[in-house]
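Converting from the sequence shown to my numbering requires adding 1 to each position, the first position being numbered 1. Following: one structure in structure tokens, then a few remarks.
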Amino acid sequence: MIKKFQLKYYVFLILLIFCFKIFFISQLLAAERKQEHLEVKTNLSVKKTAKDFKFPIKVSNKNILFGEKLYQDEVKPIACSKCHGKNGNGFGIMAWALNPLPRNFTQKKYMNKISNLQMFDAIKNGSGGTACLPNKGLKPREIWRIIMYIRTLGSK
Ligand code: HEC
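This is the structure in structure tokens:
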């Protein structure tokens, strides 16, 4: 009797996971199609120079650490990591519900094409038409620190 119940439970669970997988894959495909809007928004074809990756404040371990704290849990109401993931791969716990998916900060090919100023703008004013909302409460210094931290993701 107990065994039968357990079996049913497992079948149900596997089916549930399967449904989630299908849903997630469809989200991924949709996100890929949305890449088009990015091309326009971010002007990816313009070649970036060293200037585009400079910071107006000192790049130091201390600043990166401050940025990490903000990114991982201090930014209110929703910390960046909830969507962009603890390791920056774009799969935070809230990510599955979003379309397009949050930016994957570990994807060097793309990250090398977006300038610090563009990231600053996305963080301060939100990323137009996506779930990335404006953060008007963050001080410029804090935003630069977060970007410094984001630049370290994927290079460890
Ligand atoms: C509610 C989920 C969510 C939260 C919270 C969130 N983001 Fe995003 N973020 C997104 C989504 C979705 C995109 C859009 C990706 C796209 O355009 O394909 C995005 C895009 C970005 C981009 C890329 C902009 C570009 O031009 O490609 C940056 C940089 C960014 N987010 C930084 C942050 C930072 C820093 C935080 C924390 C202060 C944060 N985000 C919080 C969901 C989120």
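Beta carbons: idealized from backbone N, C-alpha and C, even for Gly. Since the structure is predicted, the reported quantities are computational estimates derived from the model, not experimental observations.
Starting from the Cα of residue i, find the closest Cα among the options and give me that residue.
i: GLY89; options: ILE148, PHE24, TYR11 and GLU143; result: ILE148
i: GLN108; options: LEU154, ILE26 and ILE144; result: LEU154
i: PRO101; options: PRO78, ASP53 and THR131; result: THR131
i: ARG152; options: GLY138, ASN105, LEU134 and VAL12; result: ASN105
i: GLN119; options: PHE56, ASN64, ALA80 and SER61; result: PHE56
i: ALA98; options: VAL47, GLU143 and CYS133; result: CYS133
i: GLY127; options: ILE26, LYS59, ILE144 and PHE6; result: ILE144
In three-state DSSP terms, what is residue i?
i: ALA132; result: coil
i: ASN113; result: coil
i: SER61; result: coil
i: LYS48; result: coil
i: LYS137; result: coil
Could you give the first and the last residue of the continuous alpha helix (DSSP H) run that contains residue i?
i: ASP53; result: Segment: none, ASP53 is in no alpha helix (DSSP H) and carries neither H nor E.
i: PRO141; result: 141–153
### Task
Could you pull out every unbroken alpha helix (DSSP H) segment of at least 4 residues lying fully inside the segment 68–108, listed in chain order?
81–85
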